[in-house]
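**Student:**
Numbering (our numbering), first residue to last: 2 to 612.
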């Protein structure tokens with residue numbers, strides 16, 4: 002139901018442009034690297050919060066672990082006159098408590114504070130000490146949200162001469178300066194204007210200034226490495242997984258009993274993928290080489306749980322046992338693009354498995370084997386990834402489903418009665434890129450499904466009857482019946498009948514003067530509706546919506562209304578085309594959305610025949 006998701010969330014629930022919420026007066030990061038295993042980082046953040054929309058910026062958050070210690074903290078809140086409202090001490094910090102289902106050795110230190118007045122200036126200063134995990138240094142990202150300007154931001158990194166520092170800059174046109182002795186690198190940014198949210202634009206993380214810093218050679222939890230390239234990165238990652246694919250003998254026997262009789266490698270992969278789903282569950286694990294090394298396959302097999310690393314490695318081990326090669330693959334669920342010339346661990350947050358079969362390559366999401374085999378879900382589709390093997394790392398881009406196969410096809414029959422009541426029968430098939438939106442229906446109980454169906458079929462006084470949901474590969478099939486006593490409104494001798502009981506509630510985003518960003522449609526899709534409205538006995542068609550066809554660079558829409566002897570056919574087709582379009586087209590996008598919103602809500606007028 003990509004149409005519902007994009008059009009109601011991005012069209013109707015658009016984040017409206019707001020006034021500026023905060024000013025970062027000063028953001029300073031001072032990194033003092035003493036060796037390849039030890040660094041101290043001093044932070045200072047001074048933020049003036051202008052109104053309640055920026056209240057969350059008063060909260061202090063700091064991630065720690067047994068190798069990253071918070072060693073000093075202080076803070077102060079002042080009003081517009083400089084009067085001290087509150088001082089903060091280290092003893093006021095709270096520490097997160099993790100669920101028993103998470104195996105982690107990191108934690109969060111935080112302080113929550115609600116500003117009593119606006120404007121208010123919050124100053125936090127703190128120090129972190131890092132040991133044995135200097136695979137990269139803290140990122141420089143002084144602008145963390147929309148409607149936040151930055152007066153002055155400084156990143157300063159001092160390291161011994163024998164430590165070569167790599168860096169990469171995004172959305173920054175300045176070059177870091179190097180001190181005369183070659184030990185200190187400094188990057189300063191001044192007067193960054195606040196970024197405004199614009200509907201249908203790139204994600205914020207692709208617009209804000211950001212800088213990455215890392216040592217070329219490192220020692221990470223005792224494991225030495227060098228990241229001159231993604232190939233080097235892959236070699237290091239492979240060293241973490243190599244030798245951790247050994248399986249117990251009884252599991253090997255079970256695996257062969259499941260697969261030896263199967264004719265193709267794909268069938269074997271599917272059998273083992275289903276087995277993975279039945280015998281394991283996902284938990285977050287941040288233990289072992291700083292959370293970078295997967296648990297041994299034998300451990301995952303024994304315990305029945307693992308994180309993305311452990312589950313992917315376990316699946317890799319099972320495939321290896323039956324003679325099918327596969328590749329451990331690191332990826333980001335947040336960032337579409339990786340920095341091609343700057344290899345670093347911090348750009349990724351997830352692991353999947355690549356299985357290169359003859360004539361096809363499967364990408365397995367091992368944390369959720371309930372997904373169809375090889376389904377490329379929206380958090381990874383089209384994202385860059387690093388395929389890891391013995392030869393090193395290879396930068397690849399995962400496939401994206403073509404817009405035309407992200408199809409939701411709805412067949413609807415409306416049996417209308419002469420007083421406006423109706424029985425609505427819905428058959429809906431949701432495919433590929435739109436499949437994920439309907440997938441939760443498969444796991445819901447009857448009560449939850451009824452609530453969802455009332456949002457899908459939006460008719461007055463809806464009474465949900467039969468609901469049947471099933472799955473066929475990357476397709477969710479929904480059959481349902483809905484009764485309404487007030488589907489059509491009655492005025493005298495006439496019935497006013499909605500032509501489409503789905504796709505309601507669309508709202509176009511606001512116009513934006515001097516738009517800065519191009520129009521960006523992240524995911525394309527197709528919605529097709531074939532609707533039959535049965536004309537009640539004793540009525541005739543008096544008025545119908547006009548046929549409509551619109552073609553734009555970013556989308557197309559057609560509405561076809563076909564009267565028959567005892568029924569009316571309504572055929573809708575909406576196509577959203579993924580891509581980047583010139584910002585000058587934004588007014589056309591607004592008009593397009595308004596037009597299709599009106600088209601979906603039109604009515605047929607039926608008039609009672611004279612007796």
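Here a beta-carbon is modelled for each residue, glycine too, at the ideal position from N, C-alpha and C.
Whole angstroms is fine: what's the gap from residue 76's alpha carbon to residue 51's?
**Tutor:** Here residue 76 refers to the residue found at position 75 of the chain shown. Here residue 51 refers to the residue found at position 50 of the chain shown. Computed Cα separation, rounded: 18 Å.
**Student:** Exposed or buried, what is residue 236 when buried is set at 16 or more other beta-carbons lying within 10 Å of its beta-carbon?
**Tutor:** Within the chain shown, numbered from 1, the residue matching residue 236 stands at position 235. Buried.
**Student:** List the DSSP bridge partners of residue 495.
**Tutor:** Stepping through the chain shown from its first residue, residue 495 is reached at position 494. Looking at the DSSP assignment, residue 495 forms a beta bridge with 492, 608.
**Student:** Pick from 507, 406, 119, 573: whose alpha carbon is nearest that of residue 81?
**Tutor:** For the purposes of this step, residue 81 is identified with residue 80 of the chain shown, where counting begins at 1. Ranking the options by Cα distance to residue 81, first place goes to 119.
**Student:** Can you tell me whether residue 348 is buried or exposed? The criterion is at least 16 other CB atoms within 10 Å of its CB, across all chains shown.
**Tutor:** Within the chain shown, numbered from 1, the residue matching residue 348 stands at position 347. Answer is buried; the Cβ neighbour count reaches 16.
**Student:** How big is the Cα-Cα spacing for residue 163 and residue 393?
**Tutor:** Position 162 of the chain shown, counted from the first residue, corresponds to residue 163. Position 392 of the chain shown, counted from the first residue, corresponds to residue 393. Between residue 163 and residue 393, the C-alpha separation is close to 26 Å.
**Student:** Which residues in the same chain have their Cβ closer than 6 Å to the Cβ of residue 136, if we skip the five residues on either side of it in sequence?
**Tutor:** Position 135 of the chain shown, counted from the first residue, corresponds to residue 136. Excluding positions up to five away in sequence, the list reads 219, 221, 346.
**Student:** According to DSSP, which residues form a beta bridge with residue 398?
**Tutor:** Indexing the chain shown from 1 puts residue 398 at position 397. According to DSSP, residue 398 bridges with 385.
**Student:** Let me confirm a value: residue 411 is counted as buried when at least 16 other C-beta atoms fall within 10 Å, else exposed. Which label applies?
**Tutor:** Translated into positions along the chain shown, residue 411 becomes position 410. So residue 411 counts as buried.
**Student:** Below 7 Å CB to CB, which residues in the same chain sit around residue 282 once its five sequence neighbours on both sides are set aside?
**Tutor:** Residue numbering aside, residue 282 sits at position 281 when the chain shown is read from its first letter. Cβ neighbours of residue 282 beyond the five flanking positions: 305, 306.
**Student:** Based on the DSSP secondary-structure assignment, which residues constitute the bridge partners of residue 564?
**Tutor:** Indexing the chain shown from 1 puts residue 564 at position 563. Its beta-bridge partners are 569.
**Student:** Would residue 202 pass as a contact of residue 518 if the rule is Cβ separation under 8 Å?
**Tutor:** Position 201 of the chain shown, counted from the first residue, corresponds to residue 202. Position 517 of the chain shown, counted from the first residue, corresponds to residue 518. Yes.
**Student:** Name the residue from 270, 535, 39 whose alpha carbon lies nearest to the alpha carbon of residue 423.
**Tutor:** In the chain shown, counting from the first residue as 1, residue 423 sits at position 422. Minimum Cα distance to residue 423 is reached at 535.
**Student:** Flag this pair as yes or no: are the beta carbons of residue 427 and residue 488 separated by less than 8 Å?
**Tutor:** As a position in the chain shown, residue 427 is number 426, starting the count at 1. As a position in the chain shown, residue 488 is number 487, starting the count at 1. No, Cβ-Cβ distance for residue 427 and residue 488 is not below 8 Å.
**Student:** Quick one: residues in its chain with C-beta nearer than 7 Å to the C-beta of residue 391, no 5 flanking neighbours on either side, listed in chain order?
**Tutor:** Counted from its first residue, the chain shown places residue 391 at position 390. If we look at residue 391 and ignore the five residues flanking it on each side, its Cβ neighbours are 239.
**Student:** Measuring CA to CA, which of 339, 149, 94 is closest to residue 112?
**Tutor:** The residue given as residue 112 occupies position 111 in the chain shown. Minimum Cα distance to residue 112 is reached at 94.
**Student:** Taking the beta strand (DSSP E) that residue 596 falls in, what are its first and last residues?
**Tutor:** For this step, residue 596 is matched to residue 595 along the chain shown. Unbroken run through residue 596 is the alpha helix (DSSP H), 587–601; no beta strand (DSSP E).
**Student:** State the Cα-Cα distance for the pair residue 479 and residue 441, rounded to the nearest angstrom.
**Tutor:** Along the chain shown, one-based indexing puts residue 479 at 478. Along the chain shown, one-based indexing puts residue 441 at 440. The alpha-carbon atoms of residue 479 and residue 441 are separated by roughly 12 Å.
**Student:** Pop quiz: residue 578 and residue 542 are said to be a contact at Cβ under 8 Å. What is the actual Cβ separation, rounded to whole angstroms?
**Tutor:** Locating residue 578 in the chain shown gives position 577, counting from the first residue. Locating residue 542 in the chain shown gives position 541, counting from the first residue. Contact flag wrong, Cβ pair sits at about 34 Å.
**Student:** What's the gap between the Cα of residue 510 and the Cα of residue 200?
**Tutor:** Position 509 of the chain shown, counted from the start, is the residue given in the question as residue 510. Position 199 of the chain shown, counted from the start, is the residue given in the question as residue 200. Looking at the two C-alpha atoms, the distance is approximately 7 Å.
**Student:** Using a Cβ-Cβ cut-off of 6 Å (strictly less than) and excluding sequence neighbours within five positions of residue 100, which residues of its own chain qualify?
**Tutor:** Translated into the one-based positions of the chain shown, residue 100 becomes position 99. Below a pLDDT of 50, predicted positions are generally treated as unreliable, and residue 100, at 46, falls in that range; no measurement from the model is reported.
**Student:** Over the uninterrupted beta strand (DSSP E) stretch that includes residue 524, give me the two end residues.
**Tutor:** Walking along the chain shown from the start, residue 524 turns up at place 523. Neither: residue 524 is in no beta strand (DSSP E) and is coded neither H nor E.
**Student:** In whole angstroms, what separates the C-alpha of residue 127 from that of residue 210?
**Tutor:** Residue mapping note: residue 127 aligns to position 126 of the chain shown, counting from 1. Residue mapping note: residue 210 aligns to position 209 of the chain shown, counting from 1. About 23 Å.
**Student:** Residue range of the alpha helix (DSSP H) that residue 477 falls in?
**Tutor:** Along the chain shown, read from residue 1 onward, the residue named residue 477 stands at position 476. Looking at the DSSP string, residue 477 is not in any alpha helix (DSSP H); the run it does join, the beta strand (DSSP E), is 476–485.
**Student:** Cα-Cα, which of 425, 492, 355, 433 is closest to residue 466?
**Tutor:** Along the chain shown, read from residue 1 onward, the residue named residue 466 stands at position 465. Cα-wise, what sits closest to residue 466 is 425.
**Student:** Give, in chain order, every unbroken run of the beta strand (DSSP E) that is at least 3 residues long and sits entirely within the region 195–257.
**Tutor:** You should have 211–216, 218–221, 224–227.
**Student:** I'd like the list of long-range same chain contacts for residue 269, defined as Cβ closer than 6 Å, with 5 residues on each side in sequence excluded.
**Tutor:** Translated into positions along the chain shown, residue 269 becomes position 268. 260, 263, 323, listed in sequence order.
**Student:** Looking at the unbroken alpha helix (DSSP H) that takes in residue 44, where does it start and where does it end?
**Tutor:** Translated into the one-based positions of the chain shown, residue 44 becomes position 43. That residue, residue 44, is in no alpha helix (DSSP H); its beta strand (DSSP E) goes 39–50.
**Student:** Taking the CB atoms as reference points, tell me whether residue 297 and residue 338 lie closer together than 8 Å.
**Tutor:** Taking the first residue of the chain shown as 1, we reach residue 297 at position 296. Taking the first residue of the chain shown as 1, we reach residue 338 at position 337. No.
**Student:** Quick one: residues in its chain with C-beta nearer than 7 Å to the C-beta of residue 350, no 5 flanking neighbours on either side, listed in chain order?
**Tutor:** The count along the chain shown starts at 1 and reaches residue 350 at position 349. Excluding residues within five positions, the ones whose Cβ falls inside 7 Å are 333, 334, 335.
**Student:** Where residue 122 and residue 173 are concerned, what is the direct C-alpha to C-alpha distance, given to the nearest angstrom?
**Tutor:** The sequence position of residue 122 within the chain shown is 121, counting from 1. The sequence position of residue 173 within the chain shown is 172, counting from 1. Straight-line Cα distance between these residues: approximately 27 Å.
**Student:** Taking C-alpha atoms, which residue in 154, 381, 180, 580 lies nearest to residue 30?
**Tutor:** Looking up residue 30 in the chain shown gives position 29. Nearest option by C-alpha distance: 154.
**Student:** Please report the distance separating the alpha-carbon of residue 431 from that of residue 575.
**Tutor:** Reading the chain shown from its first residue, position 430 is the one you call residue 431. Reading the chain shown from its first residue, position 574 is the one you call residue 575. Taking the straight line from one Cα to the other gives about 14 Å.
**Student:** Nearest-angstrom Cα distance between residue 437 and residue 361?
**Tutor:** For the purposes of this step, residue 437 is taken as the residue at position 436 of the chain shown. For the purposes of this step, residue 361 is taken as the residue at position 360 of the chain shown. Distance between the alpha carbons of residue 437 and residue 361 is about 22 Å.
**Student:** Is residue 317 buried or exposed, if buried means 16 or more other CB atoms sit within 10 Å of its CB?
**Tutor:** Numbered from 1 along the chain shown, position 316 holds the residue referred to as residue 317. Flag for residue 317 reads buried.
**Student:** How long is the line joining the alpha carbons of residue 234 and residue 228, rounded to whole angstroms?
**Tutor:** Taking the chain shown and counting its residues from 1, the one referred to as residue 234 is at position 233. Taking the chain shown and counting its residues from 1, the one referred to as residue 228 is at position 227. Approximately 5 Å between the Cα atoms of the pair.
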